[in-house]
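Here my numbering is used: the first residue of the sequence shown is 16, the next is one more, and so on. We put the CB at the ideal spot given by N, CA and C, even for glycine. This report concerns only the one structure given below.
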Amino acid sequence: MKQTITVRTRDGKQRDLPPDQVNRLRSSLSGSLLDRDSSGYEEARRVWNGMIDRYPALIACCTSTEGVQRVVTFAHEHQAILAVRGGGHSFPGYSTCDDGIVLDLSPMRQVYVDAVKRTARAESGLRWGDLDAATQQHGLALTGGQISHTGIAGLTLGGGIGWLARAFGLTIDHLQGADIVTADGQLRRAAPDADADLFWAIRGGGGNFGVVTAFDYALNPLEPQVTVLQIAFPIHEAANVFQAGEALLAAAPDSVSATFAFVRTPEGMPLAALTVVAIDPPDDAVQRLEPFRHIGPAVFEEIVTTPYTALQRMLDEVAAVGLRYYGRSNFLMNLTPEVVGPLAAHYEEAPSPGSLVLFVRLGGAVAHVAPEETAFAHRSFQWSLTALAIWRDPGTDEANRNWIERTWSSLPALPQAVYVNELEEEGSARVRAAYGMNYARLTAVKKRYDPDNLFRRNQNIPPA
């Protein structure tokens, strides 16, 4: 006879689950319901960030919307802590929990592309690499994450920044509708003409309002090949080359996107690196990228035409599953010497060679949508900055976390604006900074659809 399963409730207490009700839930699911004695539990509890080591009481591996409804209802009735996991890429580990219930969407990976209508319908356990492959078969694409094993759900719900954002907008700007299970266990259709306030909120408000089981996206034509310039400079040239690169980007069309970064060579040399991508036809793209080759004394340079799907996998090993991650992020208007200088200096002291500082260029189509039109308010910023410690050895956790804190504290006052998908567990003020001017409206939507705050394992918006 199995041991009684005890869960942590939303008020911080412990509750024993009636065995017959657990068995009833298990038999009602077409997927698995794992407890700590189950085969496969150890693998199923692990998430992308190796720093996160939590032990849920139950892991429900859902294969259908009906299964999701049953798990949500069960968690609500028993007041259990509930974590929802798509790809499991949450930096602070919100996609899992200790002693609660994890609703795992990863078995739900169906995708259908309508090449004529230029749309895709994708279940929420799908990874970006799979969605990219399905859409590119038809010469289509939408803005997605820059790592192919990221889940589509979390990235979409937080806004969705990627290589195509300047050309086509954020991921949420492609969203036509979504199927979502709310806290009452009901399946709803969130779209412009159905639960419109909910549709507004899930476009940038994160997982606060329910469990999305399927997304409907509009797609854009995109040829399979893109042109990529990678160029690197000694890190002491960072302020100069970043300033020159930023000026070129300001004059470039929206078909050109870029990330600037501090990285290390395999030998440990710190570099200021630029990756500039053009989605124009190859001959035009090379011309677009040519000026970036002359902004300083490069130590490395390569320009290639490559499949878009390969570009989307370029950072997969850098951000591999199981490495340890800790970071800080913020939106910026410009790359000023007052920001770039301290970041470059502290990067040279990073305890782990895998760590990086990343500046992702925004603007273009991102800014074509009004800040109140979706829950993603921070449309006017030109850059998203992330300083990220990446390491393997648990024995260096403190050194890496301290490096991030020292680096961040060296910066001047930054705008009160941060990308919610890059936020650690940093307190309510930073959560407000993520949602910006839309925070009050989001709390009202939260009150309507989740008044008891069942969906709290996220950058949480409490009910008004």
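(message) Just to confirm, is the Cβ distance from residue 400 to residue 372 under 9 Å?
(response) yes
(message) Between which residues of its own chain and residue 29 is the CB-CB distance below 7 Å, once the five residues before and five after are set aside?
(response) Hits under 7 Å: 21 and 23.
(request) Put residue 192 into one of helix, strand or coil per three-state DSSP. (result) It is a strand residue.
(message) Give the list of continuous alpha helix (DSSP H) stretches no shorter than 4 residues that lie fully inside the segment 274 to 317.
(response) 297 to 304
(request) Check residue 450 in the structure and name its three-state DSSP category. (result) helix
(message) Pull the bridge partners of residue 437 from the DSSP assignment, please.
(response) BP columns for residue 437 are empty, so no partner.
(request) Could you work out which residue in 434, 376 and 342 is closest to residue 414 when comparing CA atoms only? (result) It is 342.
(request) Excluding the 5 residues preceding and the 5 following residue 460 in the sequence, name in chain order all residues of the same chain whose CB lies nearer than 6 Å to its CB. (result) So the qualifying residues of the chain are 212 and 216.
(request) Spell out a yes or no on whether the segment 255 to 263 and the segment 200 to 207 are touching, meaning 3 or more CB-CB pairs, one atom from each, closer than 8 Å. (result) no
(request) Could you pull the start and end residues of the alpha helix (DSSP H) that residue 138 belongs to? (result) Unbroken run through residue 138 is the beta strand (DSSP E), 134 to 138; no alpha helix (DSSP H).
(request) Could you check which residue in 69, 214, 121 and 336 has the C-alpha nearest to that of residue 405? (result) Put simply, of 69, 214, 121 and 336 the residue whose alpha carbon is nearest the alpha carbon of residue 405 is 336.
(message) I need the DSSP call for residue 24, collapsed to helix, strand or coil.
(response) strand
(message) For a test of the three-state rule: what should DSSP assign to residue 257, helix, strand or coil?
(response) Residue 257: helix per DSSP, three-state reduction.
(message) In chain order, what are the residue ranges of uninterrupted beta strand (DSSP E) at least 3 long that sit wholly in the segment 67 to 108?
(response) 73 to 76 and 97 to 100
(request) Taking residue 143 as part of the alpha helix (DSSP H), name the residues at either end of that continuous run. (result) Start and end: 143 to 151.
(message) Does residue 349 pass the burial test, meaning 16 or more other C-beta atoms within 10 Å, or should it be called exposed?
(response) By the neighbour-count definition (other C-beta atoms within 10 Å, threshold 16), residue 349 is an exposed residue.
(request) Using DSSP bridges, identify the partner residues of residue 155. (result) 236
(message) Let me check one thing: in DSSP terms, what residues is residue 370 bridge-paired to?
(response) Residue 370 pairs with nothing; no bridge assigned.
(message) Looking at the secondary structure, which residues open and close the beta strand (DSSP E) in which residue 405 lies?
(response) 398 to 406
(message) Checking the sheet assignment: what are the DSSP bridge partners for residue 474?
(response) DSSP lists no partner for residue 474.
(request) For residue 92, count neighbouring Cβ atoms within 10 angstroms of its own Cβ and tell me buried if that reaches 16, exposed if not. (result) The residue is exposed, with fewer than 16 neighbouring Cβ atoms inside 10 Å.
(message) Taking only three categories from DSSP, how would you classify residue 539?
(response) Since the first residue of the chain shown is 16 and the last is 479, residue 539 is not available in this structure.
(message) From the DSSP secondary-structure annotation, give me the bridge partner or partners of residue 322.
(response) 240
(request) Whole angstroms is fine: what's the gap from residue 40's alpha carbon to residue 155's? (result) 40 Å
(message) Using 8 Å for Cβ pairs, my map puts residue 142 next to residue 176. What's the rounded Cβ distance?
(response) Their Cβ separation, rounded to whole angstroms, is 17 Å, which puts residue 142 and residue 176 out of contact at 8 Å.
(message) Can you list, in chain order, the residues of its chain with a C-beta nearer than 6 Å to that of residue 99? Leave out the 5 residues immediately preceding and following it.
(response) 118, 222 and 226
(request) Assign residue 115 to one of three DSSP states: helix, strand, or coil. (result) coil
(request) Tell me whether residue 29 sits in a helix, a strand or coil according to DSSP, three-state version. (result) Reduced to three states, the DSSP call for residue 29 is strand.
(message) Does the structure place the segment 354 to 366 close enough to the segment 182 to 198 that three or more beta carbon pairs sit under 8 Å?
(response) no
(message) Does the segment 289 to 309 come into contact with the segment 232 to 246, if we say contact requires no fewer than three beta-carbon pairs (one atom in each stretch) closer than 8 Å?
(response) yes
(message) For residue 165 and residue 178, I'd like the C-alpha separation in whole angstroms.
(response) 14 Å
(request) Name the residue from 272, 332, 334 and 329 whose alpha carbon lies nearest to the alpha carbon of residue 304. (result) 272
(message) Closest to residue 106 by C-alpha separation, out of 434, 368, 444 and 458, would be which residue?
(response) 434
(message) Once DSSP output is grouped into helix, strand and coil, what is the label at residue 16?
(response) Caution is warranted here: a pLDDT of 41 is assigned to residue 16, below 50, making its placement in the model unreliable, and the coordinate value is therefore given only provisionally. In the structure shown, residue 16 sits in coil (DSSP, three-state: anything other than H, G, I, E or B).
(request) Starting from the C-beta of residue 112, find all residues in its chain whose C-beta is less than 7 Å away, skip the five residues before and the five after it, and write them out in chain order. (result) 69, 71, 96, 98 and 472
(request) Within its chain, find whatever has a CB closer than 8 Å to the CB of residue 251; leave out the 5 residues flanking it on each side and keep chain order. (result) 359
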